[in-house]
Amino acid sequence: MAKQYIRPEEMRELFTLVPLLKNIKISLDADLKRLTDYKKDSDNDYIEGLTFSNFELSDMPHSNTNAFHSVTETGALNYKQVIKNEAKEVKKALKEIIKEIYHIEIVLDKIEIGLNALTQSQSDILKLKYWQNYTWNEIVDSLKKNNIFYSKSQIQRIAKKEIIKINVIALINMEMYKNVKELINRCIE
Numbered sequence: 255m256a257k258q259y260i261r262p263e264e265m266r267e268l269f270t271l272v273p274l275l276k277n278i279k280i281s282l283d284a285d286l287k288r289l290t291d292y293k294k295d296s297d298n299d300y301i302e303g304l305t306f307s308n309f310e311l312s313d314m315p316h317s318n319t320n321a322f323h324s325v326t327e328t329g330a331l332n333y334k335q336v337i338k339n340e341a342k343e344v345k346k347a348l349k350e351i352i353k354e355i356y357h358i359e360i361v362l363d364k365i366e367i368g369l370n371a372l373t374q375s376q377s378d379i380l381k382l383k384y385w386q387n388y389t390w391n392e393i394v395d396s397l398k399k400n401n402i403f404y405s406k407s408q409i410q411r412i413a414k415k416e417i418i419k420i421n422v423i424a425l426i427n428m429e430m431y432k433n434v435k436e437l438i439n440r441c442i443e
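Throughout the sequence shown, residue numbering follows this note's numbering, covering 255 to 443 in sequence.
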């Protein structure tokens, strides 16, 4: 089955979402760092912290035998199971975050590659319209400040043409598009 690539309409939508995607990626990177740091904590440190957190060494029960006290043994086994369960959850969360970051990075990289194929004024027109929500007239005025003179209709044609150009260069397939849209929808809900 041949891959289906997004249409210019979906590219325009993705292009509009680039600032949001960049911020979501920053948040996911922070989550990834936090979970990676959590995973690095040793099991023994965790057990020790839970076991001795409210006790001093002099408060601990003493035994003249080498056998574990049944309460201590049960506690240690329970903590070991808690750690094992938490490790599974952390591993699952790490996999999901890495997958989400991967999808966002692909889309952002492909859009950046498409943007790099444009002239500075073409790129500025798209960024002003879709990232900064300028009206067409505000874009005309903004470009005039840089001695670039276009009419409103020229700018509209340029924007449409350059979205198509980015779409052709980026080759974002429907699966990538759907993955990113699903992630955004989960964030919005």
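For every residue, glycine included, the Cβ atom is placed at its ideal position computed from N, Cα and C. All of these numbers come straight from a predicted model, not from anything done at the bench.
Discussion item. Quick check on the burial criterion: 16 or more other C-beta atoms within 10 angstroms. Buried or exposed for residue 411?
Written reply: It is exposed - the Cβ of residue 411 has fewer than 16 other Cβ atoms within 10 Å.
Report task. Would you identify the three-state DSSP class for residue 356, choosing helix, strand or coil? Result -> Look at residue 356 here: in three-state DSSP terms it is helix.
**Request:** Less than 8 Å between the CB atoms is what I'm expecting for residue 396 and residue 388, so what's the real figure, rounded?
**Result:** Contact flag correct, Cβ pair sits at about 7 Å.
Output yes or no for whether 9 Å exceeds the beta carbon distance between residue 435 and residue 358. Going by beta carbons, residue 435 and residue 358 fall outside the 9 Å limit.
**Request:** Taking residue 268 as the reference, give the member of 443, 441, 334 and 424 with the closest Cα.
**Result:** When only C-alpha atoms are compared, the closest one is 424.
Under the rule that 16 or more other beta-carbon atoms within 10 Å means buried, what is residue 440, buried or exposed? Residue 440 should be labelled exposed.
Next item on the list: If I'm right that residue 390 touches residue 273 with Cβ under 8 Å, what's the distance once you round it to whole angstroms?
Entry: Not confirmed; about 20 Å, so no contact.
Notebook entry, point to check: In this structure, does DSSP put residue 427 in helix, strand or coil?
Noted result: DSSP places residue 427 in strand when its eight states are reduced to three.
- Query: Measuring CA to CA, which of 394, 337, 282 and 420 is closest to residue 352?
  - Reply: Ranking the options by Cα distance to residue 352, first place goes to 282.
Could you tell me the alpha carbon to alpha carbon distance between residue 414 and residue 347, rounded to whole angstroms?
Roughly 39 Å between the two C-alpha positions.
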